[in-house]
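Accompanying notes for the structure given below.
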Amino acid sequence: MPVELRYPDGTVVSHPDGVTGIDVARSIGPRLAEAAVAVKVGEKLLDLSRPIAQGGDFAVVTLADPEGLHVLRHSSAHVMAQAVLGEFPGSTFAIGPPIEDGFYYDFRVDHPFTPEDLERVEQRMKSIISEDQPFERVALTRQQALELFAGHQFKVEIIEGVEPGEVVDGEEVTAYRNLGFIDLCRGPHLPSTGRIPAVKVTRSSGAYWRGDETREQLQRIYGTAWATPGDLDAYLHRLEEAERRDHRRLGPELDLFSFPQALGPGLVVWHPKGGLLRKVIEDHSRSLHERFGFEFVHTPHLMKADLWRTSGHLGYYAENMYPVMVLDNDQEYQVKPMNCPGHVLVYQARSRSYRDLPMRLSELGTVYRYEKSGVVHGLLRARGFTQDDSHTFCTEDQLGAEIRHHLEFTLAWHRDFGFDETVVEAELSTRPDKSVGEQSQWEISEKRLAEALGDLGVTYRLAPGEGAFYGPKIDIHIKDAIGRRWQMGTVQLDFNLPDLFDLEYAAPGNVMGRPYMIHCAKAGSLERFIGVLIEHYAGAFPMWLAPVQVTVIPVADRHHEYALAVEEGLAGAGLRAETDTSLETVGDKIRRALTQKHPAVLVVGDADIESKTVGLRLYGEERDTRAVPLSEATARLVAMARPPS
RNA sequence: GCCGGAGUAGCUCAGGGGUAGAGCAAUUCCCUCGUAAGGAAUAGGCCAGGGGUUCGAAUCCCCUCUCCGGCUCCA
């Protein structure tokens, strides 16, 4: 039966039965056929050599397409496994998928890979590539696959996970073979290994089989592959760039904070400039909370262990909490890992009426969580941090409006700091397998969350079953300098605490109602927020955030007096200014101000004193040789320093 | 917590069984300068910590701590 294919330009062509992707690509053009690595029919990617069984939308996939890179990386992974088996006979391979920017493969080997081993693997990969071995697709029944991979624990486990009779494209299991290497794989793959233009082995690490820490730990090797050697170089260059943006490097360099060894891992001290940055952010947080109708509360860092027992944290969160302190008459206390119970106690302090709702309580609450020693990561993952936390209690009728209100706030917060859709991602997580609460609560809450996202025009990823056991949520994620995603803000329902603490309000008609509870953090943690903020701006903050906004540089020491007067004037206009009175050359002082990424530099010398002018230079801009009247410069800087309204 | 890598001056790094090195930063002095490093001198180290091996350890071995890259987990 002929297959009808619709090309991207809209034309529809009928092809004879058994036509392959490469046939069609050739019929379009020889150059396209040469560049092709796979074809796309409908949503499905197919090997070039595979007969096209069904008609539909058709496109030739090349390495210029994201799908093409995916195929390239998948094939590179197979080559890597082949190379490892060649270099280290007796090793066993597990799985090897493509990932963002590259691929990995997991192995069981008799010793972990050394840097020299990785070098050998890369060399062997390159020789496999130069041999241009064809990739061959092998269709198997479940039974055949079990026989072929008999004794291969990982593969047998995967095949056994395939339901008997489960069929994809008329086949139960497929594998790909190139020369002596064969692995289970859905494909598609490049036509041959020679089609890999640029590949590099990057690093190795331990990784648990099936991502389960109770199971065997394997050795993983990461690699990266690109459409051209130039793309590979650009990628490596991008990684170096990102390293320069790393907040753990920039923080101490800009004298914002440090992690003294004397304190212990994951604990930060803020230096004056970092403290100032943090103050600006806290001030903005408080003013926005006020505008969005939140009330401020304060709760202690230390609370009776019984409270954590009631809240359930000792049941499911104990391993993240610091050990018990025994005080007074055998009374047990613990440091808070979360602010919620404190806010619940504020709610409970007196009887509440529906007229009190919604009640929005907020606090910059510092919490301490015991993070495993291997996971702390600068400000992005610390053991002590401050959340811009809030808990809102409302009725079911108010739920939709409240969720939208909180989401709007969270999005406005991120926008104010310059985080746009290129780095921000929203995610809606729904009911997991194990959960508390009524089905109706989950349904209505998930619906309201989705509606709020829709109302505000937010594109989001749906994460089914990823919600907390106590409620569904919307999370805001931001990508850091090297593309890692960090959870920032969250709007999260809680069906658990209102029950555990028996929260009530008097509803009309003299009946008692149970409030809905919404956890919401806008920034998430101030530490993490500042960490990604530093990386986002590479330390060159917008003026309203910069700890030092203006540096005044006198040309010679006879200009110090005027320079200090200029500084005073700037300070009077509300700007954070510093004068560099060191006995250095102008060039050196400029360099220091720019290295510290101060947004504005004012140079003052003989010519300026008489005419009441300054030389103005903004970060990231070339020198402006024009003398600017001081009043004009001040007005410009004040305008630039205005916080987002 | 697990797998690997690494810790030498405030920072970036050299050295490597036989008296601890450089550049930048710091301090002092000279220079008085118009937009990314002016010059000189001085000071600075329990070579992460603890145990071993050795006539002798920063160097070799073991343990611990901390950091880095991953895994697991997470704001």
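Each residue of the first sequence is one higher than the one before, starting from 4 at the first, in my numbering. Where a beta carbon is used, it is the ideal one built from N, C-alpha and C, also for glycine.
Could you tell me the alpha carbon to alpha carbon distance between residue i and residue j, rounded to whole angstroms?
i	j	result
Pro232	Glu175	38 Å
Gly13	Pro475	43 Å
Thr616	Thr554	15 Å
Gly267	Arg386	9 Å
Gly575	Leu459	41 Å
Asp419	Gln351	34 Å
Phe295	Ala526	15 Å
Gln146	Thr177	12 Å
Arg29	Leu51	11 Å
Ala636	Asn499	56 Å
Asp627	Gly577	24 Å
Asp249	Glu335	41 Å
Phe412	Thr227	39 Å
Tyr473	Ser314	12 Å
Trp445	Val439	9 Å
Ile447	Leu291	28 Å
Arg353	Val347	11 Å
Arg241	Arg127	26 Å
Pro101	Pro69	12 Å
Could you name the residues that DSSP lists as bridge partners for residue i?
i	result
Asn499	Looking at the DSSP assignment, Asn499 forms no beta bridge with any residue, so it has no partner.
His394	Leu364 and His522
Leu143	Val176
Gln334	Leu330
Ala510	Val514
Ala229	Residue 229 is actually Trp in this sequence, not Ala. For Trp229, which the question treats as bridged, DSSP gives the partners Ala201.
Val494	Ile477 and Cys523
Tyr211	Gln220
Ile556	Val606
Pro467	None, per the DSSP bridge assignment.
His380	Arg384
His18	Val6
Give me, in chain order, the residues of the same chain whose beta-carbon lies closer than 7 Å to that of residue i; leave out the 5 immediate sequence neighbours on both sides.
i	result
Phe116	Ser207, Gln222 and Ile224
Phe138	Ser78, Tyr179, Asn181, His192, Leu193, Pro194 and Ser195
Gly542	Leu253, Leu257 and Lys600
Phe260	Gly254, Val271, Val272, Trp273, His274 and Gly277
Leu151	Leu143
Going by C-alpha to C-alpha distance, which of the options sits closest to residue i?
i	options	result
Glu405	Phe297, Pro646, Leu548 and Gly59	Phe297
Thr598	Leu149, Arg247, Glu37 and His287	Arg247
Gly99	Val338, Arg626 and Arg213	Arg213
Glu441	Val347, Val606, Lys129 and Asp497	Asp497
Glu613	His562, Asp627 and Gly154	His562
Pro19	Pro5, Val27 and Gly32	Pro5
Ala97	His81, Gly105, Glu103 and Asp104	His81
Thr205	Tyr211, Asp236, Tyr540 and Gly197	Asp236
Arg517	Arg579, Ala526 and Asp400	Asp400
Asp423	His539, Val124 and Phe106	His539
Phe184	His380, Leu317 and Gln85	Gln85
Arg3	Pro647, Arg645, Ser648 and Gly590	The question about residue 3 has no answer here: the residues shown for the chain are numbered 4 through 648.
Gly21	Gly32, Pro54 and Glu46	Pro54
Gly71	Val87, Leu88 and Glu103	Glu103
Ala638	Arg595, Leu573, Pro602 and Glu625	Leu573
Arg434	Val427, Ser443 and Glu428	Ser443
Val461	Ser634, Thr425 and Trp229	Thr425
Pro545	Ala471, Pro646 and Gln126	Pro646
Trp547	Arg487, Arg281 and Val349	Arg281
Ile132	Glu469, Lys592, Ala201 and Val16	Ala201
Which residues in the same chain have their Cβ closer than 8 Å to the Cβ of residue i, if we skip the five residues on either side of it in sequence?
i	result
Glu134	Leu182, Thr196 and Gly197
Glu322	Tyr373
Gln156	Thr95
Phe106	Arg76, His77, Ser79, Ala80, Met83, Gly99, Pro100, Tyr225, Gly226, Thr227 and Ala228
In chain order, what residues of the same chain have a beta carbon less than 6 Å from the beta carbon of residue i, not counting five sequence neighbours either side?
i	result
Pro557	His563, Ala566 and Val607
Glu570	Val555, Ala580 and Thr582
Arg111	Thr95 and Leu221
Ala509	Ser356
Is residue i a contact residue of the ligand GTP, with contact defined as CB to any heavy atom under 7 Å?
i	result
Gln495	Although the ligand GTP was asked about, the structure shown includes no ligands whatsoever.
Say whether the segment 396-411 touches the segment 348-366, bearing in mind that this needs 3 or more beta-carbon pairs closer than 8 Å, one atom from each stretch.
yes
Counting pairs of beta carbons, one from the segment 55-70 and one from the segment 84-103, are three or more of them closer than 8 Å?
no
Check whether the segment 498-508 touches the segment 476-483, counting contact only when three or more Cβ pairs, one atom from each stretch, lie closer than 8 Å.
no
When the Cβ atoms of the segment 26-44 are set against those of the segment 61-73, are three or more pairs found closer than 8 Å?
yes
Say whether the segment 449-458 touches the segment 404-420, bearing in mind that this needs 3 or more beta-carbon pairs closer than 8 Å, one atom from each stretch.
yes
Using 8 Å as the threshold, is the segment 529-539 in touch with the segment 582-591, meaning 3 or more CB pairs across them?
no
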